[in-house]
Amino acid sequence: MAADLDVVNLFVIAGGTLAIPILAFVASFLFWPSALIKVYYWYWRRTLGLQVRYADCGGYRFCYAYRGKPGMRPSILMLHGFSAHKDTWLTVVKYLPKHLHIVCVDMPGHEGTTRTTTEDYAIQGQVKRIHQFVETIRLNRKPFHVVGTSMGGNVAGVYGACYPLEICSMTLICPDGIRHPCETKFDNHLQDLEHSNYTLNIPLIPTTPEEMEDMFKLCSHVRFKIPQQILQGLVDVRQPHNTFYEEGGGCFWSYSHCRSVTWMQSGPAGELWTLCGDGEA
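Residues 2 to 282 (my numbering) are what the sequence shown spells out, left to right.
So this is what it looks like as structure tokens:
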């Protein structure tokens with residue numbers, strides 16, 4: 002009889018132990034989806050070996066994630082797009098060799114990087130800040146490869162034009178500021194925003210799950226179904242930053258800077274290649 006009770010108690014304890022994380026997951030999914038999103042980012046940073054660090058320079062703080070150390074191969078600096086953050090690159094980093102030195106930085110004013118006056122958010126201002134970051138962590142001890150998407154692609158292109166000796170090569174993914182042979186719906190929307198003096202709703206600042214879904218449709222070539230609760234979690238994670246993005250939205254992109262980067266490019270980076278899809282990446 003006593004043995005039977007011990008077995009029952011064992012099952013109760015085991016069941017309770019399993020039930021707690023399951024209930025926590027379900028509760029997070031239903032009531033606090035943003036917490037689930039943050040745990041997801043944390044898990045993948047840890048799985049991929051990325052460490053989060055801060056770099057301070059003259060009262061300005063940069064937040065970045067890195068993996069590896071500078072070696073024989075060029076380091077890789079990754080610049081995300083408007084209203085995104087360094088974790089945008091997690092799905093790319095998992096395909097990169099682990100021996101490469103990779104640095105993913107939060108762009109000026111984004112996520113964990115300092116927010117200052119709007120002059121830092123124009124493309125030239127961001128280029129100056131990113132150069133400050135590069136010098137602070139001594140990434141430019143030898144030429145490095147820079148990757149940029151959307152607004153980050155604009156910044157990367159202008160960076161290469163302003164500091165050509167620091168860049169060995171670059172990858173621009175759907176860069177803002179470069180006229181594509183076939184303009185996309187996303188390009189047309191940005192031009193409409195520019196012509197309206199940014200009085201129209203900015204599609205990259207969603208405030209509802211429906212707007213978040215529309216943003217993915219606008220920005221992604223691949224169509225995929227995302228659960229409503231996950232969309233809500235993504236909205237909640239962005240919510241604290243939306244006012245800042247709305248106030249500075251017009252400063253973050255400009256078609257006048259990167260358009261001429263091909264003829265400005267005169268350093269060892271050589272030819273400029275851009276990767277463009279049906280939408281913004």
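Where a beta carbon is used, it is the ideal one built from N, C-alpha and C, also for glycine. In this text the structure is predicted, and so the values were computed from the model without any measurement.
Check this for me: beta carbons of residue i and residue j, under 8 angstroms apart or not?
i	j	result
Pro207	Val238	no
Gly153	Leu80	yes
Glu112	His86	yes
Ala162	Val148	no
Leu1	Gly234	In the structure as shown, the chain starts at 2 and stops at 282, and residue 1 therefore has no counterpart that could be examined.
Which whole-angstrom value describes the C-beta separation of residue i and residue j, a residue pair presumed to lie in contact below a C-beta threshold of 8 angstroms?
i	j	result
Glu214	Leu232	6 angstroms
Tyr65	Asp107	7 angstroms
Trp45	Leu91	5 angstroms
Tyr160	Thr115	19 angstroms between Cβ atoms; not a contact.
Ser151	Asp121	Their Cβ separation, rounded to whole angstroms, is 18 angstroms, which puts Ser151 and Asp121 out of contact at 8 angstroms.
Gln127	Pro109	5 angstroms
Within the same chain, show all residues whose beta-carbon is closer than 6 angstroms to that of residue i, passing over the 5 residues directly before and after it, in chain order.
i	result
Asn243	Ile206
Arg142	none
Phe26	The predicted model places Phe26 with a pLDDT of 44, which falls under 50 and marks its position as unreliable; any figure quoted below should be read in that light. No residues qualify anywhere along the chain.
Ile138	Ala56
Val135	Asn141
Thr89	His81
Met216	Pro204, Pro207
DSSP has residue i in a bridge; who is on the other side?
i	result
Pro78	Strictly speaking, residue 78 in this sequence is Leu, with Pro absent from that position. Partner(s): Val104, Val147.
Arg62	Asp57
Ile168	Phe145
Is residue i close to the ligand COA? I mean its beta-carbon at under 7 angstroms from any heavy atom of the ligand.
i	result
Val93	Looking for the ligand COA in the displayed structure turns up nothing, as the structure carries no ligands at all.
Tell me the DSSP secondary structure of residue i in three-state form.
i	result
Val128	helix
Gln52	strand
Arg68	strand
Ile231	helix
Phe187	helix
Val223	coil
Thr209	coil
Phe83	coil
Pro241	helix
Asn202	coil
Arg46	helix
His196	helix
Apart from the five residues on each side of it in sequence, which residues of its chain come closer than 8 angstroms, Cβ to Cβ, to residue i?
i	result
His146	Pro75, Ser76, Ile77, Leu78, Ile168, Cys169, Ser170, Met171, Thr172
Gln240	Thr208
Within a Cβ cutoff of 7 angstroms, which residues of the same chain sit near residue i, ignoring the five residues on either side of it in sequence?
i	result
Lys70	His102
Arg54	Tyr65, Tyr67
Leu140	Ser76, Leu78, Val104
Val8	Any reading at Val8 is ruled out, since the residue's pLDDT is 48, under 50, leaving its predicted position unreliable.
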